[in-house]
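Since the structure comes first, as structure tokens, the remarks are kept for the end.
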Amino acid sequence: MRVTINQIKEMKQKGEKIVMLTSYDYSTAKLVEAAGIPMILVGDSLGMVVLGYETPIPVTMDVMIHHTKAVVRGTSKALIIGDMPFMTYHASTGEAMRNAARFIQEAGAQAVKLEGGLTVAEKVRRIIDCGIPVMGHIGLTPQSVNQLGGLKVQAKSREAAAKLIDDAVALEQAGAFAIVLEAIPFKLAALVTKKVGVPTIGIGAGPYCDGQVQIVNDILGSFTDFVPKHAKQYVRLADIMSNAFNEYCEEVRSGKFPTEKHSFIIDEGVLAELSQ
Ligand code: KIV
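Take the sequence shown: its position 237, counted from the start at 1, is 613 in this note's numbering, and no numbers get skipped.
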């Protein structure tokens, strides 16, 4: 049985910190779940850290479904959330509902996430009416990078901070089961966390959210284009991988690898016959 959205909501009531991490493939998702992480986000950040785009904007529904299926196959307990990509929930409510349904029906996710507050609240409500749990996402919304003028801290002015609070309340009222707060001042995140009854999940939003999410490649140190200020590298996988690649290269070139130990045998009699 997978973790449910009710269990996630109860964690806020009990004051238990909620851990969420992204994953984009089978093997990583298996390890993330084995660490006891209850929620896995198949984020459209995969556009940058897996596919090498500069922003998540080129990511399509088909790409997201492909990766979400892999994460679902690697897990049996975690709640899997599919991230709705750019322009897959804006044009119409019908399209938003159909695309959200693909994550559940085709990919096997249990919930979807989408970016925006008041402007998407009605669509959030309608997707939930279909029986699909929705996680909100406000603050820095990377799909709007061109409108925001870069991936930078949001809601610093009084007006923007007040709007962010309104957005959070609108998402809660629309029925979102949790809200991601990305790249906002930590005291504002703490205030939003007090104001809403559903869990807030922070990324670059300080320590006072109900939970935290990070991009798996950031905490593993395997994405080398840039390291966000909010990320902590628990390991430098890029260095470990580079060392392994160099060593492999050297051993193949020098004949040190493979040895007979890594190889398969044939019956000596058969070999003798063939050699005549
Ligand atoms: O795409 C993603 O990984 C996200 C997280 C940063 C919350 O939206």
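Even for Gly, the Cβ is constructed at its ideal location relative to N, Cα and C.
task: For the alpha helix (DSSP H) containing residue 596, list its first residue and its last residue.
output: Here the question's residue 596 lines up with position 220 in the sequence shown. Boundaries of the alpha helix (DSSP H) harbouring residue 596: 592-596, taken from the DSSP string.
- request: Measure the C-alpha to C-alpha separation of residue 545 and residue 436 and round it to an integer number of angstroms.
  value: Translated into the one-based positions of the sequence shown, residue 545 becomes position 169. Translated into the one-based positions of the sequence shown, residue 436 becomes position 60. Each residue's Cα considered, the two are about 29 Å apart.
field: C-alpha distance - residue 570 paired with residue 465, whole-angstrom precision
entry: One-based indexing of the sequence shown puts residue 570 at position 194. One-based indexing of the sequence shown puts residue 465 at position 89. Approximately 29 Å, taken between the alpha carbons.
message: Helix, strand or coil, according to DSSP, for residue 398 in the structure here?
response: Indexing the sequence shown from 1 puts residue 398 at position 22. Residue 398 sits in a strand when the DSSP states are folded into three classes.
field: Beta-carbon gap between residue 446 and residue 402 smaller than 7 Å
entry: Against the sequence shown, residue 446 aligns to sequence position 70. Against the sequence shown, residue 402 aligns to sequence position 26. A contact, by the Cβ cut-off of 7 Å.
- request: Would you mind stating whether residue 514 and residue 493 have Cβ atoms separated by less than 7 Å?
  value: Counted from its first residue, the sequence shown places residue 514 at position 138. Counted from its first residue, the sequence shown places residue 493 at position 117. Yes.
- request: Please state if the CB of residue 457 and the CB of residue 417 are separated by a distance shorter than 7 Å.
  value: Numbered from its first residue, the sequence shown carries residue 417 at position 41. Numbered from its first residue, the sequence shown carries residue 457 at position 81. Their beta carbons are under 7 Å apart, which means residue 417 touches residue 457 by this criterion.
- prompt: Which residue comes first and which comes last in the beta strand (DSSP E) that contains residue 539?
  reply: Position 163 of the sequence shown holds residue 539. Per DSSP, residue 539 belongs to no beta strand (DSSP E); it is in the alpha helix (DSSP H), 534-550.
task: Taking only the alpha-carbon atoms, compute the straight-line gap between residue 549 and residue 528 and give it to the nearest angstrom.
output: Here residue 549 is taken as the residue at index 173 of the sequence shown, counted from 1. Here residue 528 is taken as the residue at index 152 of the sequence shown, counted from 1. Cα-Cα distance, rounded: 27 Å.
query: Tell me which same chain residues have a C-beta within less than 7 Å of the C-beta of residue 473, skipping the five on either side of it?
result: Counting from 1 along the sequence shown, the entry for residue 473 is found at position 97. Contacts found: 502, 503 and 506.
query: If residue 554 sits next to residue 575, beta carbons under 8 Å apart, how far is it from one beta carbon to the other, in whole angstroms?
result: Taking the first residue of the sequence shown as position 1, residue 554 is located at position 178. Taking the first residue of the sequence shown as position 1, residue 575 is located at position 199. Contact between residue 554 and residue 575 is confirmed by a C-beta separation of about 4 Å, below the 8 Å threshold.
- prompt: Which residues does DSSP pair with residue 513 in a beta bridge?
  reply: On the sequence shown, residue 513 is found 137 positions in, with the first residue counted as 1. Residue 513 is bridged to 492 and 556.
field: Residues of its chain near residue 404, where Cβ-Cβ distance is below 7 Å and the 5 sequence neighbours each way are ignored
entry: Working through the sequence shown from its first residue, we reach residue 404 at position 28. Here the set comprises 592.
message: On the DSSP letters alone, give me the boundaries of the alpha helix (DSSP H) that residue 423 sits inside.
response: Here residue 423 is taken as the residue at index 47 of the sequence shown, counted from 1. Where residue 423 is concerned, the enclosing alpha helix (DSSP H) stretches over 422-425.
Short Cβ contact (7 Å threshold) for residue 588 with residue 578: Locating residue 588 in the sequence shown gives position 212, counting from the first residue. Locating residue 578 in the sequence shown gives position 202, counting from the first residue. It is a contact, given that the beta carbons lie within the stated cut-off.
field: residue 573 versus 559, 389 and 421, residue with shortest Cα-Cα distance
entry: Position 197 of the sequence shown holds residue 573. Comparing alpha carbon positions, the residue from 559, 389 and 421 closest to residue 573 is 389.
field: Host beta strand (DSSP E) of residue 418 (start-end)
entry: Within the sequence shown, numbered from 1, the residue matching residue 418 stands at position 42. Where residue 418 is concerned, the enclosing beta strand (DSSP E) stretches over 415-418.
Given residue 552 as reference, the closest of 423, 415, 489 and 651 once Cα atoms are compared: If you number the sequence shown from 1, residue 552 lands on position 176. The candidate whose alpha carbon is nearest that of residue 552 is 489.
task: Tell me whether residue 403 counts as near the ligand KIV, meaning its Cβ is closer than 6 Å to at least one heavy atom of that ligand.
output: Numbered from 1 along the sequence shown, position 27 holds the residue referred to as residue 403. Between the ligand KIV and residue 403, a heavy atom-to-CB distance of less than 6 Å is absent.
Assumed close pair residue 564, residue 531 - CB separation to whole angstroms, cut-off 8 Å: Position 188 of the sequence shown, counting from 1, holds the residue named residue 564. Position 155 of the sequence shown, counting from 1, holds the residue named residue 531. Residue 564 to residue 531, Cβ: 6 Å. Contact.
query: Fully enclosed by the region 453-509, which beta strand (DSSP E) runs are 3 residues long or longer?
result: 455-459 and 487-489
task: Leaving aside the five residues before and after residue 477 along the sequence, list all residues of the same chain whose C-beta is less than 7 Å from its C-beta, in chain order.
output: One-based indexing of the sequence shown puts residue 477 at position 101. So the list reads 506 and 508, once near-sequence residues are dropped.
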